[in-house]
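Asker:
In this note's numbering, the protein residues as written are 1456 to 1542.
#1: Compare the Cα-Cα distances from residue 1481 to each of 1504, 1492, 1528, 1472 and report the closest residue.
#2: Output the boundary residues of the alpha helix (DSSP H) element that contains residue 1506.
#3: Along the alpha helix (DSSP H) that carries residue 1482, what are the first and last residues, could you check?
#4: Among 1494, 1527, 1474, 1492, which one has its Cα closest to the Cα of residue 1514?
#5: Helix or strand or just coil, what does DSSP make of residue 1522?
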């Protein structure tokens, strides 16, 4: 899966300090990386998925973004709920 080469997996990232609704596209990219789903980053970035758009993504939108595996969609949806609950 996609790991960013020079950064520790658990490095603190700016997205962790702000509510999901305030995330920029770069924060969503870092968040995907923290979930070990950076393989999907390019599609999310090219589609300008920021935090506000992220929380509105449903099943079909995730498939359109290339998240075709059920377990990956579930991971993303679960992590969105956790991120929303933590702020």
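Even glycine gets a Cβ: it sits at the ideal position worked out from N, Cα and C.
These numbers come from a predicted model, not from an experiment.
Answerer: Looking at the coordinates:
#1: 1504
#2: 1506-1509
#3: 1480-1489
#4: 1527
#5: coil
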